[in-house]
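Report on one structure; see the data block that follows.
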Amino acid sequence: MSRLRITLTLALAATLATACVSGEDATGQPAAGNAGGQQTELRLDYAYYNPSSLVIREQKWLETELAAKNVKVTWTLSAGSNKANENLRGNVIDLGSTAGAAAFQARSNGTPIKAVGIFSQPEWAAVVVAKDSPITDVAGLKGKRVAATKGTDPYFFLLQSLHEAGLAATDVEVVNLQHADGKTALERGDVDAWAGLDPLMAQSQTDAGSKLVYRNPGFNSYGFLNAREAFITEHPDLVQATVNAYEKARDWIQKNPDAAVALLSKESKVSPEVAKLVLTERTNLTVSPVPGADQRAVLERILPTLVEEKQVKTEQDAKTALDTLLEPKFAEQAAKP
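What follows is the structure, given as structure tokens:
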């Protein structure tokens, strides 16, 4: 064989070798020791404001189910809806849990996510003041310092509450702190009020005597499970598996309330009394998991406030997001008997 022919033959062999997908041999078949082909990753968040996520993570249902499919499941803690949205936007997680208002704002501002499930109807936000505060209502916040985590349900709760009381966001000084830091600031006297979030809010009530001076369940948007649009397109089976697990968790919590309280207490480091308050008095798990008319109605009510307070780029962006955010097909399938 001539030197030229040998050189061409070796070059062709090298090309074929490098063209093989990782985990495959030169025939295009899975390589030995990697029977499932290249490993896929399912990246989820868990959050103390989302008890179902704590159950799914602790029970390892998805890890067990997906191991045979060569899918690796990883978990990232979301300290608030804003962090969940940041991680979805930054391609750090594939599915994340937020308040409905936060998901709506994120999509309005260009984050390509869709709500694939509803994990609860919580009353997880309220306006909170310290035990000895003279403030008794939202009107009393005028000119005061209020801690809130921008981009989360408590922040949107605060905006709606101010508007209802005839005030604007500019009538208070919003101190942008993550939820745990807002609780600490309130209890130390560094701020006059806090737009609180459970279970931290319930803990502050129980342990520090903090007072909820304004509650309104209608201002709390639902708990949304959101997925990146690209992931929905690429891995609809994994989205379905996750939504199915959420339905399993909802059922598990209702059948095992004491164990659910213990888990929330352990994970979020609050007392069992606080965890019980959150789960039994402020979390409705019997709501339909299918994103639909009820959630749209809440977001329609929030939309004018987001526009007026410049929390979205334009009103048209918000209207478009409202029409495209909800994706019910996975929850519809999961809810089938």
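Under full-length UniProt numbering, read the sequence shown as residues 1 to 337, first letter to last. For glycine and all other residues, C-beta sits at the position ideal for the given N, C-alpha and C. Here the structure is a predicted model, which is why all the values come from computation and not from measurement.
*Classification of Arg188 by the beta-carbon crowding that lies within 10 angstroms, buried from 16 upward*: Along the sequence shown, read from residue 1 onward, the residue named residue 188 stands at position 188. With fewer than 16 other Cβ atoms within 10 Å, it is exposed.
*Is there at least one Cβ from chain D nearer than 8 Å to Ala275's Cβ?*
The displayed structure is made up of one protein chain only, and chain D is not part of it.
*Would you give the residue range spanned by the beta strand (DSSP E) that Ala148 belongs to?*
Within the sequence shown, numbered from 1, the residue matching residue 148 stands at position 148. Unbroken beta strand (DSSP E) run through Ala148: Arg145 to Ala148.
_Residue span of the alpha helix (DSSP H) that contains Gly182, given as start and end_ = Translated into the one-based positions of the sequence shown, residue 182 becomes position 182. Where Gly182 is concerned, the enclosing alpha helix (DSSP H) stretches over His179 to Arg188.
*Asn87 versus Pro122 - alpha carbon distance*: For this step, residue 87 is matched to residue 87 along the sequence shown. For this step, residue 122 is matched to residue 122 along the sequence shown. Those two C-alpha atoms are separated by around 23 Å.
_Going by DSSP, what residue range makes up the beta strand (DSSP E) through Thr176?_
Along the sequence shown, read from residue 1 onward, the residue named residue 176 stands at position 176. Note on residue identity: the sequence assigns Asn, not Thr, to residue 176. Glu173 to Asn176 is the extent of the beta strand (DSSP E) around Asn176.
*asked:* For Lys131, report the span of its beta strand (DSSP E) as first-last.
replied: Walking along the sequence shown from the start, residue 131 turns up at place 131. Element bounds for Lys131: n/a, residue is neither H nor E.
*Looking at C-alpha atoms only, which residue of Leu162, Ala334 and Asn82 is the closest neighbour of Asp251?*
Here residue 251 refers to the residue found at position 251 of the sequence shown. Cα-wise, what sits closest to Asp251 is Ala334.
*Taking the C-alpha atoms as reference points, what is the distance between Phe330 and Lys144?*
In the sequence shown, counting from the first residue as 1, residue 330 sits at position 330. In the sequence shown, counting from the first residue as 1, residue 144 sits at position 144. Their Cα atoms are separated by approximately 44 Å.
_With distance defined between alpha-carbon atoms, name the residue in Glu65, Glu229, Val71 and Lys211 nearest to Lys114._
Numbered from 1 along the sequence shown, position 114 holds the residue referred to as residue 114. Selected option, being the one with the closest Cα: Glu229.
*Short Cβ contact (8 Å threshold) for Gly151 with Ala102*: What you label residue 151 is simply residue 151 of the sequence shown in a count that begins at 1. What you label residue 102 is simply residue 102 of the sequence shown in a count that begins at 1. Yes, the Cβ-Cβ distance between Gly151 and Ala102 is below 8 Å.
*Give me the Cα-Cα distance between Lys192 and Trp124, rounded to the nearest whole angstrom.*
As a working mapping, residue 192 is identified with position 192 in the sequence shown. As a working mapping, residue 124 is identified with position 124 in the sequence shown. The sequence given here places Asp at residue 192; Lys does not occur at that position. Computed Cα separation, rounded: 20 Å.
_Taking the straight line between their C-alpha atoms, what separation do you get for Gln240 and Lys60?_
Here residue 240 is taken as the residue at index 240 of the sequence shown, counted from 1. Here residue 60 is taken as the residue at index 60 of the sequence shown, counted from 1. Gln240 and Lys60: Cα-Cα distance of roughly 16 Å.
*Closer than 7 Å by C-beta to Thr27: which residues in its own chain qualify, once you throw out the five before and the five after it? Chain order, please.*
As a working mapping, residue 27 is identified with position 27 in the sequence shown. Because Thr27 carries a pLDDT of 31, less than 50, the predicted location of this residue cannot be relied on, and the following value inherits that uncertainty. Same-chain partners within the cutoff: there are none.
*Keeping to the same chain, check which residues put their C-beta closer than 6 Å to that of Ala165; ignore five residues upstream and five downstream.*
Taking the sequence shown and counting its residues from 1, the one referred to as residue 165 is at position 165. Excluding residues within five positions, the ones whose Cβ falls inside 6 Å are Val138 and Ala139.
_Cβ-based burial, Val21 [other Cβ within 10 Å; buried from 16]_ = For the purposes of this step, residue 21 is taken as residue 21 along the sequence shown, with counting starting at 1. Interpretation of Val21 is limited by its pLDDT of 32, a score under 50 that renders its predicted location unreliable; the figure taken from the coordinates is listed afterwards. Exposed, because fewer than 16 other Cβ atoms sit within 10 Å of the Cβ of Val21.
*Between the Cα of Leu264 and the Cα atoms of Gln254, Lys255 and Lys276, which residue gives the shortest distance?*
Counted from its first residue, the sequence shown places residue 264 at position 264. That would be Lys276, whose Cα lies nearest to the Cα of Leu264.
*Contained beta strand (DSSP E) runs [length at least 3] in the stretch 208 to 283, N- to C-terminal order*: 211 to 214 and 223 to 228
*asked:* Going by DSSP in three states, Leu10 sits in which element: helix, strand or coil?
replied: The residue labelled residue 10 in the question sits at position 10 within the sequence shown. Here Leu10 scores only 36 on pLDDT, less than 50, and its place in the model should not be relied on; the value that follows carries that caveat. In the structure shown, Leu10 sits in a helix (DSSP, three-state: H, G or I).
*Which whole-angstrom value is the C-beta distance of Leu322 and Leu303, which I expect to be below 8 Å?*
If you number the sequence shown from 1, residue 322 lands on position 322. If you number the sequence shown from 1, residue 303 lands on position 303. About 7 Å; that satisfies the 8 Å criterion.
_Cross-strand partners of Val127 (DSSP beta bridge)_ = Taking the first residue of the sequence shown as 1, we reach residue 127 at position 127. According to DSSP, which records beta bridges pairwise, Val127 is partnered with Ala195 and Tyr214.
*For Ala185, which of Asn91, Glu267, Thr64 and Ser204 has the nearest alpha-carbon?*
For this step, residue 185 is matched to residue 185 along the sequence shown. Nearest C-alpha to Ala185: Ser204.
*For Val117, count neighbouring C-beta atoms within 10 Å of its own C-beta (all shown protein chains included) and say buried if the count is 16 or more, exposed if not.*
Counted from its first residue, the sequence shown places residue 117 at position 117. Inspection of the sequence shows that residue 117 is occupied by Gly rather than by Val. Classification for Gly117: buried.
*Quick one: give me the first and last residue of the alpha helix (DSSP H) that Ile302 is part of.*
In the sequence shown, counting from the first residue as 1, residue 302 sits at position 302. Per DSSP, Ile302 belongs to the alpha helix (DSSP H) from Ala293 to Glu308.
*asked:* Tell me the residue span of the beta strand (DSSP E) that contains Ser97.
replied: On the sequence shown, position 97 is the one that residue 97 refers to. Leu95 to Ala99 is the span of the beta strand (DSSP E), which, as asked, contains Ser97.
*Would you check if the stretch 95 to 112 and the stretch 42 to 56 touch, i.e. whether three or more CB-CB distances between them fall below 8 Å?*
yes
*Expressed to the nearest angstrom, what Euclidean distance is found between the alpha-carbon atoms of Val270 and Ala126?*
The residue labelled residue 270 in the question sits at position 270 within the sequence shown. The residue labelled residue 126 in the question sits at position 126 within the sequence shown. Approximately 18 Å, taken between the alpha carbons.
_If distances are taken between C-alpha atoms only, which option among Phe104, Tyr48 and Gly80 comes closest to Thr305?_
On the sequence shown, position 305 is the one that residue 305 refers to. With distances taken between Cα atoms, Thr305 lies closest to Phe104.
*Could you tell me how far apart the beta carbons of residue 349 and Ala318 are, in whole angstroms, since I believe they sit closer than 8 Å?*
Because the chain is modelled from 1 through 337, residue 349 falls outside the range shown and cannot be assessed.
*Would you identify the three-state DSSP class for Ile118, choosing helix, strand or coil?*
For the purposes of this step, residue 118 is taken as residue 118 along the sequence shown, with counting starting at 1. Strand at Ile118.
*Output the distance between the C-alpha atoms of Ala260 and Pro51, rounded to the nearest integer angstrom.*
If you number the sequence shown from 1, residue 260 lands on position 260. If you number the sequence shown from 1, residue 51 lands on position 51. So the alpha carbons of these two residues sit roughly 8 Å apart.
*Sort out for me which residues DSSP pairs Val71 with in a bridge.*
Here residue 71 is taken as the residue at index 71 of the sequence shown, counted from 1. BP columns for Val71 point to Thr40.
*Leu77 bridges to which residues according to DSSP?*
For the purposes of this step, residue 77 is identified with residue 77 of the sequence shown, where counting begins at 1. Its beta-bridge partners are Tyr46.
*Could you tell me the distance, in whole angstroms, from the CA atom of Thr136 to the CA atom of Pro236?*
Taking the first residue of the sequence shown as 1, we reach residue 136 at position 136. Taking the first residue of the sequence shown as 1, we reach residue 236 at position 236. Computed Cα separation, rounded: 49 Å.
*Enumerate in chain order the residues of its own chain whose CB-to-CB distance from Glu247 is below 7 Å, with the five nearest sequence positions on each side excluded.*
Taking the sequence shown and counting its residues from 1, one reaches residue 247 at position 247. For Glu247, where only same-chain residues beyond five positions count, the Cβ hits under 7 Å are Pro289, Ala334 and Ala335.
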